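*Asks:* If you count by this note's numbering, then the sequence shown holds residues 591 to 1183, one letter each, in order.
My questions will all concern the structure given below.
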Amino acid sequence: MSTDPKVSIAQMEKIVSLCKRRGFIFQSSEIYGGCGGIWDYGPLGAELKRNLRTAWWNTMTREREDVLGLDACILMNPAIWKASGHVDTFADLMRECSLTNKRVRADHVDPQSGTVLKYSGAQSPTGWRWDRTITALTKSGEHIESFRKRIRVLIAQNAGEAAGKPEEIELLNEEKIDTVNGSVDFHPETGGILGEARPFNLMLKTYLGPTATEADVTYLRPETAQAIFAQFKNVFDSSRVKVPFGIGQIGKAFRNEVTPKNFTFRSREFEQMELEFFIKPDEAVDIISGEVAKWHEGADLSEPQPNWGWELWHRYWVDQRTKFYEGIGLGGVLEYYWQTPEDLAHYARACVDILCEFPFGTEELEGIAARGDFDLSAHQNASGKTQEVFDEELKNAAAKLTDEQKEALIQKRLAAEAAKTKGQPLPEAAVRAWFERLFKGSYVPHVIEPSAGLDRMALAVIAKAFEESEKVDEKGKKEVLTVLRFHPRVAPIKVGVFPLLKNRPEMVAKAREVYALLKKHMNCFYDETASIGRRYARQDEVGTPFGITIDFDTLGEKGPELLDTVTLRHRDSGEQERVKISELLGKLLPLVS
Ligand code: ATP
């Protein structure tokens, strides 16, 4: 994708427009002017999302023996969000425009250049006065008169009816105070100077129950993960599983993003696909296996091993998730950002962001974090309900250790606690108490968390698939053709079915027969209008990987050997092959699922 910002913006505009025109994504509440950061998926978008969701669910749960699924509710007891830290710390720093009170995320302010003007206040013939310093930046190339007009309009909008007509507002004591270059202190839309950065909690509040008092406040979940932790014991106790194992969940999440932007990339309502993969603490692995395997470049990550500690499990999941993305057509556009020790939360051991190339830049698609036992321990402490598991194998292995060997393990951990650069080291008494439980076979599992966003994934897949080419038609007229080169597994429509001529009833009947045969197994589209080339082009534009044409040969008009065969067209290679109707399903199903 282009690095020229103008080309990138144009590319994004084309994608947004195609998404609307062909029914992938619509602005929510569009007839009422929209609803910031909320998007609806049209018929093709719904299919695309469903395919991505199914691909994740099958890869992460159904096809594995060690991951179970969960479908928990959006609303939960608010105590969960207190224990998880979301009530106190799930906040972005935001800054407010002094003219309009519009907010912007402190780290999302685009640099601006121009002249800074200051007024001591404003007044209008209605008697209204604003005794407040107004500081704002001219936009590049903006004439001073246009600037003043713009500021009057913004002030009038903010002040309401009392200020009267914008053109009658008088700006008092204009002063040019500075010229700035690349400043991040002015609101990118209004030019108004921004106030100090303040934390803003991103959770959406609501009330549970009819009294709607402060005591009934709860939140729309800002992530799906906490329900997995809160239900960990129920799943563990009811499913006859052993650590290591995982619980996966797909569902809606809500964040009151200060500046939703880049189409669906940063929305206020979105869908997450999260796995919490529970593992033994490294000390338990050490006791059972006599060692904890170390990661090295080229380490074999294909099959999990009993001597893997958190580091190899974390690497394993980065590898698994990369393979997943390659399997849905995102190979070649991924990058990795390994968080530095300074970036990491105090409880996290490692976190890698899988990034993807979007037209607006290379941005996060998924985060994979090794979170230790922070989450389950937090819920254990807050709820008073144990989140420990009992591990017979560990108990038996620990029983064989000598006192010296046990003390050596304790000393190793104490040294690690003392070397901590973030968070509080665990006091010695707490470390010894923890080992006492461990030697008896009990511990709170640690966790690796691959956390992906479905909407970002859908946008990444659309952006990667989008391609334009120019064609000159028979009359010499240039035409821009758009193709979405979706991987067949995620394409919303798998096959287009076309009778060559709509005025040949036998051809139409045969085409409807083929359509009915395939429709039970995959999403198909039947089309008998316009020329066959036009019909192919329409399907190319929505990313349909295969087209089937029913023609004279199908009816046996060119000889009995071609009777009941169709032309199968492959979107990407342009190849056309003759296939028996009876063999179509067997040929297509493995390609699209
Ligand atoms: P960002 O830094 O982009 O705000 P994050 O690190 O806060 O994302 P996580 O809390 O790790 O995101 O959430 C996991 C995944 O959920 C992200 O990788 C992303 O795919 C998705 N996600 C998070 N916030 C949003 C959002 N506002 N809109 C769409 N998807 C989101």
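Note that CB positions come from ideal geometry on N, CA and C, so glycine has one too.
A quick note: this is a predicted structure, and the numbers were derived from the prediction, not measured.
From Val770 to Ile818, what distance separates their C-alpha atoms?
*Replies:* Within the sequence shown, numbered from 1, the residue matching residue 770 stands at position 180. Within the sequence shown, numbered from 1, the residue matching residue 818 stands at position 228. Approximately 49 Å between the Cα atoms of the pair.
*Asks:* Looking at the ligand ATP, does it come within less than 7 Å of Arg722, judged from the CB to the closest heavy atom?
*Replies:* Position 132 of the sequence shown, counting from 1, holds the residue named residue 722. Flag unset: Cβ of Arg722 not near the ligand ATP.
*Asks:* Counting Cβ pairs closer than 8 Å, one from the stretch 594-613 and one from the stretch 1048-1065, do we hit at least three?
*Replies:* Enough Cβ pairs lie closer than 8 Å, so yes.
*Asks:* Among residues of its own chain, excluding the 5 on either side of Ala746, which ones have a beta-carbon nearer than 8 Å to its beta-carbon?
*Replies:* As a working note, residue 746 is residue 156 in the sequence shown. Closer than 8 Å at Cβ, skipping near neighbours: Ala753, Gly754, Lys755, Pro756 and Ile759.
*Asks:* Do the stretch 1012-1026 and the stretch 786-806 touch if we need at least three Cβ pairs shorter than 8 Å?
*Replies:* No, the stretch 1012-1026 is not in contact with the stretch 786-806.
*Asks:* Are the stretch 997-1009 and the stretch 798-814 in contact at 8 Å, needing three or more beta carbon pairs?
*Replies:* No, they do not touch.
*Asks:* Do three or more CB pairs link the stretch 1119-1136 to the stretch 1073-1080 at distances below 8 Å?
*Replies:* The stretch 1119-1136, when compared against the stretch 1073-1080, does touch it at the 8 Å Cβ threshold.
*Asks:* Can we count Ala1042 as close to the ligand ATP, meaning its CB is less than 7 Å from some heavy atom?
*Replies:* Taking the first residue of the sequence shown as 1, we reach residue 1042 at position 452. Yes - the ligand ATP has a heavy atom lying nearer than 7 Å to the Cβ of Ala1042.
*Asks:* Can you check which of these residues, Ala938, Gln601 and Leu920, is closest to Glu1057 by C-alpha distance?
*Replies:* Against the sequence shown, residue 1057 aligns to sequence position 467. Among Ala938, Gln601 and Leu920, the Cα nearest to that of Glu1057 is on Gln601.
*Asks:* Opposite His1036 in the DSSP bridges: which residues?
*Replies:* Reading the sequence shown from its first residue, position 446 is the one you call residue 1036. BP columns for His1036 point to Ile869.
*Asks:* Would you mind working out which of Leu689, Val694, Asp661 and Ile670 sits nearest Thr849, comparing C-alpha positions?
*Replies:* The residue you call residue 849 lines up with position 259 of the sequence shown. For Thr849, the nearest C-alpha among the options comes from Val694.
*Asks:* Can you tell me whether DSSP reads Phe835 as helix, strand or coil?
*Replies:* Within the sequence shown, numbered from 1, the residue matching residue 835 stands at position 245. Strand.
*Asks:* Which runs of the beta strand (DSSP E), 3 residues or longer, sit entirely within the stretch 786-856?
*Replies:* Within the stretch 786-856, the complete beta strand (DSSP E) runs of at least 3 residues are 788-791, 794-797, 807-810 and 835-844.
*Asks:* Per DSSP, Cys1195 is paired with what?
*Replies:* Residue 1195 lies beyond the range of the chain shown here (591 to 1183); nothing can be said about it.
*Asks:* So if DSSP puts Val577 in a beta bridge, which residue, or which two residues, is it bridged to?
*Replies:* Residue 577 lies beyond the stretch modelled for the chain, which goes from 591 to 1183, so this question has no answer here.
*Asks:* Identify, in the order they occur along the chain, each residue of the same chain with its Cβ nearer than 8 Å to the Cβ of Ala662, setting aside the five sequence neighbours on each side.
*Replies:* Against the sequence shown, residue 662 aligns to sequence position 72. Same-chain partners within the cutoff: Thr814, Ala817, Ile818, Ala820, Gln821, Gln839 and Gly841.
*Asks:* Would you say Asp890 and Val882 are within 8 Å of each other, going by their C-beta atoms?
*Replies:* Numbered from 1 along the sequence shown, position 300 holds the residue referred to as residue 890. Numbered from 1 along the sequence shown, position 292 holds the residue referred to as residue 882. Going by C-beta atoms, Asp890 is not nearer than 8 Å to Val882.
*Asks:* How many whole angstroms separate the CB atoms of Leu1158 and Ile1138, which I take to be in contact at a CB cut-off of 8 Å?
*Replies:* Taking the sequence shown and counting its residues from 1, one reaches residue 1158 at position 568. Taking the sequence shown and counting its residues from 1, one reaches residue 1138 at position 548. That belief holds up - the Cβ atoms of Leu1158 and Ile1138 are roughly 6 Å apart, short of 8 Å.
*Asks:* For Pro931, count neighbouring C-beta atoms within 10 Å of its own C-beta (all shown protein chains included) and say buried if the count is 16 or more, exposed if not.
*Replies:* Position 341 of the sequence shown, counted from the first residue, corresponds to residue 931. When all chains shown are included, Pro931 counts as exposed.
*Asks:* Report the rounded CA-to-CA distance for Leu660 versus Asp775, giving the unit in angstroms.
*Replies:* Counting from 1 along the sequence shown, the entry for residue 660 is found at position 70. Counting from 1 along the sequence shown, the entry for residue 775 is found at position 185. Near 45 Å, if we compare the C-alpha coordinates of Asp775 and Leu660.
*Asks:* Determine the direct distance from the alpha carbon of Val1021 to that of Ile1000, and round the result to whole angstroms.
*Replies:* Within the sequence shown, the letter at position 410 stands for residue 1000. Within the sequence shown, the letter at position 431 stands for residue 1021. Going from the Cα of Ile1000 to the Cα of Val1021 covers about 7 Å.
*Asks:* Glu861 bridges to which residues according to DSSP?
*Replies:* Numbered from its first residue, the sequence shown carries residue 861 at position 271. Beta-bridge pairing links Glu861 to Lys842.
*Asks:* Which first and last residues belong to the beta strand (DSSP E) in which Arg693 is found?
*Replies:* Numbered from its first residue, the sequence shown carries residue 693 at position 103. Arg693 to Arg695 is the span of the beta strand (DSSP E), which, as asked, contains Arg693.
*Asks:* Report whether the distance from the Cβ of Phe860 to the nearest heavy atom of the ligand ATP is below 7 Å.
*Replies:* By one-based count along the sequence shown, residue 860 stands at place 270. Yes, Cβ of Phe860 sits closer than 7 Å to a heavy atom of the ligand ATP.
*Asks:* Measuring CA to CA, which of Phe616, His904 and Glu978 is closest to Trp1024?
*Replies:* As a first step, residue 1024 is located in the sequence shown; it is residue number 434 there, counting from the start. Minimum Cα distance to Trp1024 is reached at Glu978.
*Asks:* Taking the beta carbon of Asn1199 as the centre, do at least 16 other beta carbons fall within 10 Å, making it buried, or is it exposed?
*Replies:* Examination of residue 1199 is not possible in this model, given that the chain is present from 591 through 1183 alone.
*Asks:* Drop a sphere of 10 angstroms on the beta-carbon of Gln1166, count the other beta-carbons inside from all chains shown, and report buried for 16 or more, exposed for fewer.
*Replies:* Within the sequence shown, residue 1166 is the residue found at index 576, counting from 1. The residue in question, Gln1166, is exposed, as its Cβ has fewer than 16 Cβ neighbours within 10 Å.
*Asks:* Let me check you understand the geometry: is the CB of Leu865 closer than 7 Å to at least one non-hydrogen atom of the ligand ATP?
*Replies:* Here residue 865 corresponds to residue number 275 of the sequence shown, with the count starting at 1. It does not: the Cβ of Leu865 is nowhere closer than 7 Å to a heavy atom of the ligand ATP.
*Asks:* Which residue or residues does DSSP assign as beta-bridge partners of Cys687?
*Replies:* Position 97 of the sequence shown, counted from the first residue, corresponds to residue 687. In the DSSP output, where bridge partners are listed per residue, Cys687 has Leu784.
*Asks:* How far does the alpha helix (DSSP H) with Ser598 in it extend, from its first residue to its last?
*Replies:* Looking up residue 598 in the sequence shown gives position 8. First-last of the alpha helix (DSSP H) with Ser598: Pro595 to Arg611.
*Asks:* Could you check the C-alpha separation between Leu934 and Asn763 for me, to the nearest Å?
*Replies:* Here residue 934 refers to the residue found at position 344 of the sequence shown. Here residue 763 refers to the residue found at position 173 of the sequence shown. So the alpha carbons of these two residues sit roughly 49 Å apart.
*Asks:* Please classify Val542: is it buried, with 16 or more other beta-carbons within 10 angstroms of its beta-carbon, or exposed?
*Replies:* With the chain running from 591 to 1183 in the structure shown, residue 542 is simply not present.
*Asks:* Could you please give me the residues that DSSP links to Phe980 through a beta bridge?
*Replies:* Position 390 of the sequence shown holds residue 980. According to DSSP, which records beta bridges pairwise, Phe980 is partnered with Ser1032.
*Asks:* Over what stretch of residues does the alpha helix (DSSP H) that includes Phe964 continue unbroken?
*Replies:* Mapped onto the sequence shown, residue 964 falls at position 374. Segment Phe964 to Ser973, the alpha helix (DSSP H) holding Phe964.
*Asks:* If you drop the 5 nearest sequence neighbours on each side, which residues of the same chain put their C-beta closer than 7 Å to that of Val1034?
*Replies:* Locating residue 1034 in the sequence shown gives position 444, counting from the first residue. These residues qualify, in order along the chain: Asp963, Leu966, Ser967, Gln970, Gln977 and Glu978.
*Asks:* Where do the ends of the beta strand (DSSP E) carrying Tyr937 lie?
*Replies:* For this step, residue 937 is matched to residue 347 along the sequence shown. Where Tyr937 is concerned, there is no enclosing beta strand (DSSP E), given that its DSSP letter is neither H nor E.
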